[in-house]
Amino acid sequence: MEPFVITASECDCNSAHSSRVSKDGYALSDELSNETMFLTQVKYIFEGEEDHIDDNTMQEINTDIVNVVIVELDETLEIKNVELISDEYQLLGFSNDADNDLNLTILSEFPADVSPGTRDLGKLVTRYQHQNKHLKHMLQEL
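full-length UniProt numbering numbers the first residue of the sequence shown as 1 and each following residue consecutively.
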């Protein structure tokens, strides 16, 4: 099986995040690099390959995990299902446009640092408009 690329792009930009990393863990450059967050410390664990996991490796993995993407493949290595386990993001959908590309559509949590006394009214209006777009998109996906 050739390495595949997982691309995660945030739906409607509450804060623009898009991530591209190769299966080998190398960040891929993008023309929108100023709006891009690259995945770091990528670990791969494959079902049935317990011999690659020792006690020292598991301690490393468990302390640094932020987001977990579970990709379920069938016997022909076709993607059957994708699941995202994260405190910060919700998976809205996925697509497999090319043989080695997995595109995830994600939605980030709303930031909770709203302090109306210290923010410009125009910025607050823009922020709530973005949040309303997110909520509408979530309701349509249900």
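Ideal Cβ placement from N, Cα and C applies to all residues, glycine included. These numbers were taken from a predicted model, which means no experiment stands behind them.
Query                                                                           : Result
Span separating the alpha-carbon of serine 108 from that of leucine 73          : 26 Å
Three-state class that DSSP yields for threonine 105 in the structure shown     : strand
Cα-Cα separation, glutamine 131 to glutamate 78                                 : 35 Å
Collapsed DSSP secondary structure at asparagine 132 in the structure displayed : helix
Within 8 Å, strictly: CB atoms of valine 71 and isoleucine 85                   : no
Under the three-state DSSP convention, the category valine 68 falls into        : strand
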